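Student: For reference, the structure I am asking about is given below.
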Amino acid sequence: MSLHFQCIQLLDELEQVLNDHALWQTTPPSDERLASTEPFAVDTLACHEWLQWIFVPKMRALIDAGQTLPRNFEISPYVEEAMKEQAGHREVVAVVVRIDSLFADQ
């Protein structure tokens, strides 16, 4: 199974988990909030918003364009800390850990 296909499956799973826990939004944040230059947009977005409106779309755009996917990144520590008080955080973190693992040492 290709890296791109595995990534699509995990992104779909992440979207489903966020949706299952009422963390998937129908209305995007304002352009100003999305324009943050801080890592994970911590100054303007909640973690689940960053996942939905920045991380997932950027990964899907890379896949759709046939681009090389990033390597050796690790977002799970941030997600785990940022979402520790939210319902569904364990399920979200579990998917993100699998995404991190997919790109480890690629």
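Residues 333 to 438 (the numbering used here) make up the sequence shown, in order.
Every residue gets a Cβ at the ideal spot worked out from N, C-alpha and C, and that includes glycine.
From a predicted model like this one, the values you see are computed outputs, not experimental measurements.
Using the C-alpha atoms, what's the distance from phenylalanine 405 back to alanine 397?
Tutor: 20 Å
Student: I'd like to know whether the C-beta atoms of glutamine 384 and leucine 342 end up nearer to each other than 8 Å.
Tutor: no
Student: State the DSSP-derived secondary structure class of histidine 380, mapped to helix, strand or coil.
Tutor: helix
Student: Residues in its own chain within less than 8 Å of methionine 415 by CB, not counting five upstream and five downstream?
Tutor: If we look at methionine 415 and ignore the five residues flanking it on each side, its Cβ neighbours are Cys379, His380, His421, Val424, Val425.
Student: Apart from the five residues just before and just after leucine 394, which ones in its own chain have a Cβ nearer than 7 Å to its Cβ?
Tutor: Shown here for leucine 394: same chain residues with a beta carbon closer than 7 Å to its own, the five before and five after excluded, namely Leu401 in chain order.
Student: Report all residues from its chain with a CB closer than 8 Å to the CB of serine 334; omit the five preceding and five following residues, and keep chain order.
Tutor: Beyond the five residues adjoining it in sequence on each side, serine 334 comes within less than 8 Å, by CB distance, of no other residue in the same chain.
Student: Which parts of the segment 343–408 are runs of the alpha helix (DSSP H), unbroken and 4 residues or longer, counting only runs that do not cross its ends?
Tutor: Scanning the segment 343–408 for uninterrupted alpha helix (DSSP H) segments of 4 residues or longer gives 363–366, 379–382, 388–396, listed from N- to C-terminal end.
Student: Comparing the C-beta of alanine 436 with each C-beta of chain C, is any distance below 8 Å?
Tutor: The chain labelled as chain C is not found in the depicted structure, where only one protein chain is given.
Student: Would you check if the distance between the CB atom of valine 388 and the CB atom of leucine 346 is smaller than 8 Å?
Tutor: Valine 388 is a Cβ neighbour of leucine 346, given a cutoff of 8 Å.
Student: Whose C-beta lies closer than 7 Å to the C-beta of alanine 373 among residues of the same chain, with five residues either side of it excluded?
Tutor: Within the same chain, Cβ atoms closer than 7 Å to the Cβ of alanine 373 are found at Trp382, Ile386, the five residues on either side in sequence being excluded.
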